[in-house]
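Residue numbers (the UniProt record's numbering): 1 to 302.
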């Protein structure tokens, strides 16, 4: 006689099972319902680790979880990615922080700063954006924060190399050229003449010192030599009078021209024209560098 074979119950799945190229975690044949970030034995069998699973299936790439987004690396045992800028499964790149969360706003990365859009989480290029703490910054075509002289929407601005913030109401010199930054931060190059005149005007109030040509004290030709950066061959009023042809219509002397008092061969005083009938000069002992007026003390030539 024969004995019938009894059917065997299917062995219940337990642990990680590779199904259709996806790893699924079973516990006595059951999988968890829904999405969960849970501590499980590792897929490679070495200890335990945290995994994001959805109905038991381990998740990889960029995934939504707990009100944010995270990235899980299938090439690193499906572990959460921290402190890295990575490409998603759909091709876009995102920055993840030290707790794994996707980052937005101004963020430090790879030795510089970038800005990530709070809605799309994508890096922002070629834009002027407000940070999460309220200050505004300019980001270039590779997303990096910019400093120094920069063009933006048809204007030139200057951004502080240390703070990266736009500088306003100030003067800066870049590569030998002086720029004035207005109330909106718009930069305008200051002409060489304007720069020299401004340099002289900055010394108003400095005492007259015979033979002086430093901010500790000036005589008349010393102020001119210092403001114009003249060499020792043009230290005296007489020497400075040889710099150009002499013109008599002193009332029309353009800004920055040198005004001389006395005869062509023996000038005794020099001043710097402001272009409007006034001038800046170091008058005499006991006085200070100040503005004078042609209608009260008229130059002879320029």
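Glycine residues also receive a C-beta, built at the ideal position from the N, C-alpha and C atoms.
Taking the Cα positions, residue 32 is about 10 Å away from residue 24. Residue 93: member of the beta strand (DSSP E) spanning 93 to 96, first to last residue. Secondary structure note for residue 61: its beta strand (DSSP E) is the uninterrupted segment 61 to 65. Contact fails between the region 293 to 301 and the region 206 to 220, because fewer than three Cβ pairs, one in each stretch, are under 8 Å apart.
Around residue 42, the same chain offers 48, 49 and 77 as residues with beta carbons nearer than 7 Å, after the five sequence neighbours per side are excluded.
Excluding residues up to 5 positions away in sequence, 128, 129, 130, 165 and 166 lie with their Cβ nearer than 8 Å to the Cβ of residue 136 in the same chain.
Going by C-alpha positions, residue 82 is about 14 Å away from residue 51.
In this structure, the beta-carbon distance from residue 259 to residue 253 falls below 8 Å. Under the three-state reduction of DSSP output, residue 195 falls in the helix class.
In this structure, the beta-carbon distance from residue 262 to residue 279 does not fall below 8 Å. Taking a C-beta distance under 8 Å as the contact criterion, residue 158 and residue 200 do not qualify as a contact pair. For residue 105, there is no enclosing alpha helix (DSSP H); the residue is part of the beta strand (DSSP E) that begins and ends at 105 to 109. Partner residues in the beta bridge of residue 267, as assigned by DSSP, are 262. Here DSSP, grouped into helix, strand and coil, assigns residue 148 to strand. Distance between residue 184 and residue 256, taken at the CA atoms: about 28 Å.
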